[in-house]
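Heads up: the structure comes next, in structure tokens.
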Amino acid sequence: MTQPRDGTFSGIALVSHLHWDHVQGLPFFQPVLAPGARLDVFGPAQAQGLTQAMRTFLSPPYFPIAVDDLPGTIEFNDVVPGSFTIDGAEIVVADVPHVGPTVGYRVTRDGVSVAYVSDHQQPGCMQMDVTDAVLELCDGVDLLIHDAQYTDDEFVTRDNWGHCTVGYAVNVAARCGVKRLALFHHDPLHDDEKLDDLWKTASRAGAEAGVPEVFAAYEGMSLSLAPPTAR
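Just so we're aligned, residue 303 is where the sequence shown starts under the numbering used here, counting upward by one.
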């Protein structure tokens, strides 16, 4: 995101898919709720187009006002597997197994790379196969932000809900040789104590599998990724 000289906000949002938990915060995003602000939203192409899909969601009776009634401007951009560049950052898009059209992103700038695989369907109980597209997307990144919703026991009864186990996230990170793994998309029923236990177990498994660092992401977390010349 950028902040022009006149103080108005201008930024982008990379959306993996259109399930409610990934888009319902859009009309409450404070920086764009001001005249002159602009947000470009990128998301997976839909049968009716991303713009129409989002305008249907953000309009009465599902929401009190329509997109065009917001103070700032929001533009929607369909993405398909491939790559494009924004402000010197290369953004790679790949299909990710989930429920419905879903993509993951790899963002690289100044030699630093981050992969975002928010919702990833594990192929089956205790199965660790990973699609080639995901392996390529995450290969060697400095930071992988990955779905880690379930324990093995929980996954047994939720193996077609579009998510994966903590162990599967570690498996993806190990196979791709990532430097840091952020466990993401925590189950709403997991409290802080449970997440701490899962993180500790995942950290030990990651160390054994060659993943240098594993940690649990939390709201408000800020990370610094230095370019290669500054390391």
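By construction, the Cβ of each residue, glycine as well, lies at the ideal position given by its N, Cα and C atoms.
Asked                                                                                                        : Found
is_contact[T503, chain B] using C-beta, thresh 7 Å                                                           : The displayed structure is made up of one protein chain only, and chain B is not part of it.
Option nearest G402 by Cα separation, candidates L335, Y470, W322 and Y418                                   : W322
CB of V405 within 7 Å of CB of S524, strictly                                                                : no
As assigned by DSSP and simplified to three states, the class of R477                                        : helix
Buried versus exposed call for P363 [16 or more other C-beta atoms within 10 Å across all chains shown]      : exposed
Beta-carbon proximity check, D421 vs G464, cutoff 7 Å                                                        : yes
heavy atom of the ligand FAD below 6 Å from L525 C-beta                                                      : Only the bare structure without any ligand can be found here, which leaves the ligand FAD out of the picture.
Three-pair Cβ contact test at 8 Å for the stretch 325 to 342 versus the stretch 369 to 381                   : yes
Terminal residues of the beta strand (DSSP E) in which A391 lies                                             : A391 to D397
Exposure of T467, with buried meaning 16 or more beta-carbon neighbours within 10 Å                          : buried
Counted within 10 angstroms of its Cβ, other Cβ atoms place Y452 as buried (16 or more) or exposed           : buried
L316: first and last residue of the uninterrupted beta strand (DSSP E) it sits in                            : S312 to L316
Limits of the unbroken beta strand (DSSP E) element including T375                                           : T375 to V381
Delimiting residues of the alpha helix (DSSP H) encompassing H324                                            : W322 to V325
Among A504, A476, A417 and F365, nearest to E392 - alpha-carbon criterion                                    : A417
Three-state secondary structure (DSSP) of T467                                                               : strand
Sequence-distant residues of the same chain with beta carbon closer than 7 Å to F486, five excluded per side : S420, I447, H448, D449, A450 and A519
Three-pair Cβ contact test at 8 Å for the stretch 429 to 438 versus the stretch 382 to 399                   : yes
For T353: DSSP bridge partner residues                                                                       : The partner list for T353 (beta bridge, DSSP) is empty, contrary to what the question assumes.
Closest by C-alpha distance to A509, when choosing among D494, H400, K496 and V472                           : V472
CB of A484 within 7 Å of CB of A511, strictly                                                                : no
Rounded separation between M428 and V513 - CA only                                                           : 20 Å
For A511, the first and last residue of its enclosing alpha helix (DSSP H)                                   : D494 to A511
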